[in-house]
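For reference, the structure discussed in these notes is given below.
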Amino acid sequence: MSKGTYQKLTIVGRLGKDPHCIEKDGKLVAVRLSIATTDSVKSKGKEGDWEDLTTWHDVACFRNNAEFAGQYLKSGDLVLVEAKLRNAKWEDKEGNEQRSVDIVAHMLEKISTAKAKEEGAAEVVEASSEKDPLYDIV
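Okay, structure coming up:
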């Protein structure tokens, strides 16, 4: 139960590489996506100049979203991801406690393909969503 709070992260960006599929016992269990978003910021140089600032987002997908990503997404595709942030804690090989904040997708939509980008077109191609995402990061 949410106790009156809610979090939602929305990312619209392009895949920097093909999805990284993670299998266990021959079965797809997760997919990692590397998504780039770009903002224009004023340059510190000449007045009126702008420069692009790219941020990379690593997104974890499970169940239906993992199957969708592994089957339909390719490098360069424009995607929309609705996700939640999840705190993770584990011990590394040396026994040191490690922590991370993971982006876990609960809705994934392919907006356009890399080919459509080259042709200047954009269309919604496919979509997948999870009502209750699996939060165990592999």
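Counting from 693, one number per residue, gives the positions in the sequence shown under this note's numbering. The C-beta atom is built at its ideal place from N, Cα and C for all residues, glycine as well. All values reported here derive from a predicted model rather than from experimental measurement.
Within 10 angstroms of the beta-carbon of Arg706 lie 16 or more other beta-carbons, which makes it buried. By the 16-neighbour rule on beta-carbons within 10 angstroms, Thr747 is exposed. Nearest C-alpha to Ala780 among His749, Tyr764 and Glu789: Glu789. According to DSSP, residue pairing for Arg755 in a beta bridge does not occur. Within the same chain, Cβ atoms closer than 6 Å to the Cβ of Leu770 are found at Arg706, Ile803 and Ser804, the five residues on either side in sequence being excluded. The stretch 771-803 is shown to contain no whole alpha helix (DSSP H) run of 4 or more residues. By the Cβ-count criterion, Val751 is buried, with 16 or more other Cβ atoms from all chains shown falling within 10 Å of its own Cβ.
The continuous beta strand (DSSP E) containing Ser732 extends over residues Lys719 to Lys734.
In this structure, the alpha-carbon of Leu745 lies about 30 Å from that of Ile714.
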